[in-house]
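Each protein sequence line maps, in turn, to chains A and B.
Residue numbers for the first sequence, in this note's numbering: 1 to 349.
Residue numbers for the second sequence, in this note's numbering: 1 to 589.
Cβ atoms here follow ideal geometry from the backbone N, Cα and C, with glycine treated the same way.
See below for the structure under consideration.
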Amino acid sequence: MDFDIAMLVTQDGISNGAIYAMMALGMVLIFNSTRIIFVPFGDLAAYAALTLGFFQLHQRPGTIWLVLVLSLVAFAIEATELVLRKATRRIWRPAFHWLALPCLPSAIALIVPADLPLAAQSALAVAIVLPIGPLLYRIIYRPVANASVLLLLTVSVALHFALSGVALLCFGPEGLRTQAFLESNLDVGQFSISSQMLMMVIAAAALSAALYFFFDRTVAGKALKATAMNRTGARLVGIRTHSAGATAFLIATAIAAITGVLISPTTTFYYDTGFMTGLKGFVGATFGGFVGYPAAVLGALVIGVIESVSSFYASALKEVIVFGSIIPIVLLRWLAAGSATPSDEVEEA
Amino acid sequence: MTRRHFNLGVAGLILAAALLPLILGTFATTLLNYIGIATLVALGLVLLTGSGGMTSFGQGAFVGIGAYTSAYLTITFQLSPWIGLIAALAITAIVAAAIGYATLHLGGHYLPITTIAWGLAIYLLFGNFEAFGRHGGLTHIPPIGLFGFQLERMDQIYYLIWGTVFGAMLAAVNLLQSREGRAIRALRGGGVLVGSLGVDAFRSKLALFVISALLAAVAGWLYAHMQRFISPSTFDLRSGIEYLLMAVLGGAGYVSGALIGAVVVILAKNWLQDLLPLLTSNSGNLETITFGLLFILLLQYSPEGVVPLVLRRVRSKPGTVSAGPSDPALPYRELPARGSQLLKVEGITKKFGGLTAVDGVSFAVDVGTILALIGPNGAGKSTTFNLIAGVLEPTSGKVVFSGQDITGTPQRTIAALGLARTFQHVKLRSSMSVLENVMLGAYLRTDAGFVKGALRLDKEDAVVREIALRALTDVGLIDRALEPAGSLALGQQRLVEIARSLAADPVLIMLDEPAAGLRHGEKQALSELLQGMRARGVTILLVEHDMPFLMGLADRVVVLDFGRKIAEGLPAEIRANAKVQEAYLGGVA
């Protein structure tokens, strides 16, 4: 591998790594706020990308109906709880929060003409997907919010399966690629860097800085963190744990949707592309110990470079190498940490 | 339900199973074969998840390793499938041990996360090997020969499959009730308890992980030689998740849960495949969605699975047992001579960040005496206990026990030297019976391993049971021996912990607030028990708040306040000590 090729491979690795970094950040954000390892994170990115792709084909994406169904279920749950508590007078609140608000972008999508400008289509695609995360949290996770991390993880994996089936139902088995936002390339010396890639890298860097600042420096961020560590304790000091969870899912879904839309011109999205992408981000996040934001970004970049190097040498085995690298990664982490600490000591009640 | 009824039931079940292929057609028999194979994998997960508290989404990959190894060897080298089986087991064991070694150190959610990744990696590997036929897979796999018969038809291999399933289930039940099995069941809920009992938690986890992988490999071997062709997609992540679904749905805490889960999932899948095409043309997707949603609903409403729901209705009250008349036939440890020093703590200090919990504390305990550690809340008593027992490592200072420097030594090494302890916050395994909890205490006194346990060859375990019954008689809880430990009141749970320490035949016993929550009569009985132990030459270290209880019992008292030792002496001296009174009652201004 000579220098030029090495540079190309590294550039490719970093641009992939930036995508995985966004995935890793979203998953770490959700984990830090709710203890949920949100396996279907990448699925949401694919939903956004494919929604945009359908807009460009002048078709109505199935996500519109998905949001409608989820909103109705969430509203039905909320309404049932209100009826059981005999507080039906307050029914306008869930009607607004869980029904009207989430369905608003979808309703807009049904009215507007099909040939919107690209920017408007992109914004609409993000807006349609945005409520899906909080709705899933409300319907799927909130009933088991106090369960163990393991149970929550198992729920996540099952949810991924349901969501990938939904994606196939909504978008069909064909792949889609959208038009590019920016065609220009930046020339640095003899290398040309695509603007698309630069945007991803900048977005990932900015986001990790913002999240780091939010969780370590602001009261709201610390409240989210506290919720994940000890829900009962958090509630005792006045943190509204449920809305904290919904907020985390909202932010994370925004990250997923924006990433999906940003990379849709360079990646052909199939209904199951998001899962693999998300999983690579997840391996990167593991590298960062699943808690630190800068560490997660670093881990994701390493995964991106490992992937591009291995696709250069053994392209058929690239996925095997990427996913297999989790073994040396955790081994290294363990060796670096010295003896295992009993931090996960959870006693049975 | 008596044991006899149970045995009759099992015998009837086996007979019915043996007759089934004669009645059923090929399709139904094939379905049963799939169920049997899946049961083996789910059984591995019952052991791993339900008993050991570890979750794996990657079992499908181990099934694949078993299937591909044997298929490749039998096709390419015309070897016997039985040699294929040995090779499959060997390779699976090596791979599982390597993966386990790397990932099992990480607690909590790390293991399941990594199982998704390596499960995918192994699955993707199958499709990339030229020798494995890439995505097309391997065909023309020979059938298994048994006593000169070729098991070619579904109703022939049926007997091999279900014989293996029943054998494996029986071995699993035996294993879980054996010495190592109890240790495995105690793994759930943290490593401090098992460490204090002398269990090498990592070794137990690794062994369990390999056992569950081997069960999956056997399933893969059976699958390959039944189906006679294999392709990678059978062993993808989705299959791993389905196996986990079976274990969770059936009831991961029960061996029978594996069987029931496999039956329900495979029949439901089959039914959905028949039903959904009638409703929609997109049946493939709907199957995935329905499955995912059903799994989620199950986890939301019955995370323990089906079996406990049924058991709750039929289970009768636990019976009673009593200790036998004779002295248990396990040798007692030779206790050190009286008058010598057993434990010496020299200037130990423990800092948690900026907080100094224990600050340069020194004291010594002589053989066959009772030393009490007292002090107001937050004085550092329990931290001192944990520093001695090896749960925490002192920032500085030294601990010498039985003439050996044990500073910084792991808990299980110290336990092996003869230290047994109880905990301030009781650490029992609430779903295990009181008796089993006490038997855990004697873990280090016998040495039967996994194989002996699974085959019920551990003759000493009956003696351990006798020892535990005796210890329970000593603490007055023999009537509750077969009840789940979680059903006892807190004070009685403390007594169970003391019985567990007694079962260990300790040189030094450390009791953290043993009298808390006991009634007057119980306290008196406990005091007599401890005095009896002292008379036998056992050394006792106590943390206690109950002064009247202590004053009649302790030989010496050490007083801690804010992490420092402020006084040491005879109980009467301590009672008169002005500094101690100040620490407890506040100074006279």
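Grouping DSSP H, G and I as helix and E and B as strand, with all else coil, what is B/Asp-359? In the structure shown, B/Asp-359 sits in a strand (DSSP, three-state: E or B).
If you measure beta-carbon to beta-carbon, which residues of the segment 143-158 of chain A are closer than 8 angstroms to chain B? Listed by position, the residues of the segment 143-158 of chain A near chain B (Cβ gap below 8 angstroms) are Pro-143, Val-144, Ala-147, Val-149, Leu-150, Leu-151, Leu-153, Thr-154, Val-155, Val-157, Ala-158.
Which value, in whole angstroms, describes the spacing of the CA atoms of A/Gly-172 and A/Pro-61? If you take the alpha carbons of A/Gly-172 and A/Pro-61, they lie about 11 angstroms apart.
Check B/Gly-240 in the structure and name its three-state DSSP category. Reduced to three states, the DSSP call for B/Gly-240 is helix.
Endpoints, the alpha helix (DSSP H) within which A/Glu-78 is located: Residues 63-84.
With a floor of 3 residues, list each beta strand (DSSP E) that falls wholly inside the segment 370-431 of chain B, ordered by position along the chain. List check, beta strand (DSSP E) in window: 370-374, 396-401, 419-421.
Whole alpha helix (DSSP H) runs in the segment 47-102 of chain B with 4 or more residues, listed along the chain? With a minimum length of 4 residues, the continuous alpha helix (DSSP H) runs that stay inside the segment 47-102 of chain B are 59-76.
Check whether the segment 441-448 of chain B touches the segment 475-485 of chain B, counting contact only when three or more Cβ pairs, one atom from each stretch, lie closer than 8 angstroms. Contact fails: fewer than three Cβ-Cβ distances are below 8 angstroms.
Please list, in chain order, the chain A residues whose beta carbon lies closer than 7 angstroms to that of B/Asn-285. Close to B/Asn-285, with beta-carbon spacing below 7 angstroms, are these residues of chain A in chain order: Gly-165, Leu-168, Leu-169.
Can you tell me where the beta strand (DSSP E) holding B/Gly-569 begins and where it ends? It spans 564-569 - the beta strand (DSSP E) in which B/Gly-569 sits, taken as one unbroken run.
Say whether chain A places a C-beta atom closer than 8 angstroms to the C-beta of B/Ala-589. Confidence in B/Ala-589 is poor, its pLDDT being 42 and thus under 50, which makes the residue's placement too unreliable to answer from.
Backbone secondary structure at A/Glu-347 - three-state DSSP: Low confidence applies here, because A/Glu-347 scores a pLDDT of 37, under 50, leaving its location unreliable and the question unanswered by this model.
N- and C-terminal bounds of the alpha helix (DSSP H) containing B/Arg-534: B/Arg-534 -> alpha helix (DSSP H) spans 520-536.
Residue range of the unbroken beta strand (DSSP E) whose run includes B/Asp-561: Unbroken beta strand (DSSP E) run through B/Asp-561: 556-561.
Secondary structure, beta strand (DSSP E): runs of 3+ residues fully inside the segment 290-354 of chain B: With a minimum length of 3 residues, the continuous beta strand (DSSP E) runs that stay inside the segment 290-354 of chain B are 341-352.
Environment of A/Leu-176 [buried if 16+ CB atoms lie within 10 Å]: That one is buried.
So, helix, strand or coil for A/Ser-194, using DSSP? Residue state for A/Ser-194 is assigned as strand, using DSSP reduced to three classes.
Would you say A/Leu-258 lies against chain B (beta-carbon separation less than 8 angstroms)? Note that residue 258 of chain A corresponds to Ile in the displayed sequence, not to Leu. So no, A/Ile-258 is outside the interface.
Is the shortest distance between the beta-carbon of B/Tyr-68 and the beta-carbons of chain A less than 8 angstroms? It does not; no Cβ of chain A falls within 8 angstroms.
For B/Pro-308 and chain A, any beta-carbon pair shorter than 8 angstroms? It does not; no Cβ of chain A falls within 8 angstroms.
Can you pull out the residues from the segment 227-238 of chain A whose beta carbon lies closer than 7 angstroms to at least one beta carbon of chain B? Against chain B - using a Cβ distance shorter than 7 angstroms - the segment 227-238 of chain A contributes no residues.
Tell me, which residues are paired with A/Pro-134 by DSSP? DSSP, once it has assigned bridges, lists no residue as partnering A/Pro-134.
Interface partners of A/Val-28 on chain B, CB under 8 angstroms: Within chain B, not a single residue places a beta-carbon under 8 angstroms from that of A/Val-28; the smallest gap is close to 12 angstroms.
Tell me the rounded alpha-carbon separation between A/Ala-223 and A/Ala-285. Taking the straight line from one Cα to the other gives about 22 angstroms.
Taking a cut of 8 angstroms between CB atoms, which residues from the segment 222-241 of chain B lie near chain A? For the segment 222-241 of chain B, which is checked against every Cβ of chain A, the residues closer than 8 angstroms are Arg-238, Ile-241.
Chain-ordered neighbours of A/Glu-319 on chain B, where CB pairs are closer than 7 angstroms: When 7 angstroms is used as the limit between beta carbons, A/Glu-319 is near these residues of chain B: Leu-124, in chain order.
Cutting at 8 angstroms between CB atoms, please list the residues of its own chain near B/Glu-513, excluding the five before and the five after it. Gln-424, Arg-494, Val-543, Glu-544, His-545, listed in sequence order.
So if I threshold CB-CB distances at 7 angstroms, which residues from the segment 297-331 of chain A count as touching chain B? In summary, the residues of the segment 297-331 of chain A whose CB is separated from some CB of chain B by less than 7 angstroms are Ala-316, Leu-317, Glu-319, Val-320, Phe-323, Gly-324, Ile-326, Ile-327, Val-330, Leu-331, in the order they occur in the chain.
Quick one: does B/Ile-574 have its CB under 8 angstroms from some CB of chain A? With 8 angstroms as the cut-off, B/Ile-574 does not count as an interface residue toward chain A.
With distances taken from CA atoms, which of A/Ile-64, A/Ala-123, A/Ala-145, A/Ile-19 is nearest A/Ile-37? Minimum Cα distance to A/Ile-37 is reached at A/Ala-145.
Endpoints, the alpha helix (DSSP H) within which B/Leu-435 is located: Following the DSSP letters along the chain, one finds B/Leu-435 inside the alpha helix (DSSP H) bounded by residues 434-440.
Taking the straight line between their C-alpha atoms, what separation do you get for B/Val-400 and B/Ile-388? Approximately 9 angstroms between the Cα atoms of the pair.
Rounded distance between the beta-carbons of B/Ala-252 and B/Thr-49, thought under 8 angstroms: The Cβ separation is near 5 angstroms, so the contact holds.
For the beta strand (DSSP E) that contains B/Gln-150, what are its first and last residues? Per DSSP, B/Gln-150 belongs to the beta strand (DSSP E) from 149-151.
Report the three-state DSSP secondary structure of A/Phe-269 (helix, strand or coil). DSSP places A/Phe-269 in strand when its eight states are reduced to three.
Would the beta-carbon of A/Ala-246 fall within 8 angstroms of that of A/Pro-134? Cβ distance < 8 angstroms, so A/Ala-246 and A/Pro-134 count as in contact.
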